[in-house]
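*Asks:* Take this structure first; my questions come after.
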Amino acid sequence: MPKTDYDEAQTELTRAIKEDAPFTFEKPIPVQVFLDNGVKYDGVAYEVQPASTTFPDGLVMVRTNNSDIGVPVSYIRGK
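Below is the structure:
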């Protein structure tokens with residue numbers, strides 16, 4: 048995966064969290080999610096939530112084949 052894809056996806060999500068959250072994307076962003084336990088999900092980022100005490104960098108909602116999950120932006124890479 049090229050680093051530019053990762054940078055573009057993470058940059059767009061971070062910008063949306065800082066400037067627009069809560070925000071739902073008109074066109075979801077294709078991403079991969081890498082959890083701490085090694086599990087990887089393919090999906091689309093469709094919404095961001097603002098920073099909070101629990102998630103100081105905000106939260107990204109990702110729709111996968113099986114479910115919707117909320118993860119910090121640092122767990123995401125562009126696809």
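Quick note on numbering: the sequence shown equals residues 48 to 126 in the working numbering.
Beta carbons are placed, not taken as given, at the ideal position from N, Cα and C, and that holds for glycine.
Just so we're clear, the structure is a prediction, and the values are computed from it rather than from any experiment.
#1: Once you ignore the five residues that flank ALA63 on each side, which residues in its own chain have a CB closer than 6 Å to its CB?
#2: Specify, as a first and last residue, the run of the beta strand (DSSP E) that THR101 falls within.
#3: Leaving out five residues on either side along the sequence, give the residues of the same chain with a beta carbon under 8 Å from the beta carbon of ASP67.
#4: Do VAL86 and LYS126 come within 7 Å of each other at the CB atom, strictly closer than that value?
#5: Using 10 angstroms around the beta-carbon of GLY90, count the other beta-carbons present and answer buried if the total reaches 16, otherwise exposed.
#6: Considering just the uninterrupted stretch of the beta strand (DSSP E) at LYS87, what are its terminal residues?
#7: Exposed or buried, what is GLY105 when buried is set at 16 or more other beta-carbons lying within 10 Å of its beta-carbon?
#8: Where does ASP115 fall in DSSP's three states?
*Replies:* Reading off the structure:
#1: Leaving aside the five residues that flank ALA63 on each side, the residues in its chain whose CB is nearer than 6 Å to its CB run, in chain order, PHE70, VAL95.
#2: That residue, THR101, is in no beta strand (DSSP E); it is neither H nor E in DSSP.
#3: Cβ within range, chain order: VAL95.
#4: It is not a contact, given that the beta carbons lie outside the stated cut-off.
#5: Counting Cβ neighbours within 10 Å, GLY90 comes out buried, since at least 16 surround it.
#6: Annotation: the continuous beta strand (DSSP E) that includes LYS87 extends over 87-96.
#7: Answer is buried; the Cβ neighbour count reaches 16.
#8: DSSP, read as helix, strand or coil, puts ASP115 in strand.
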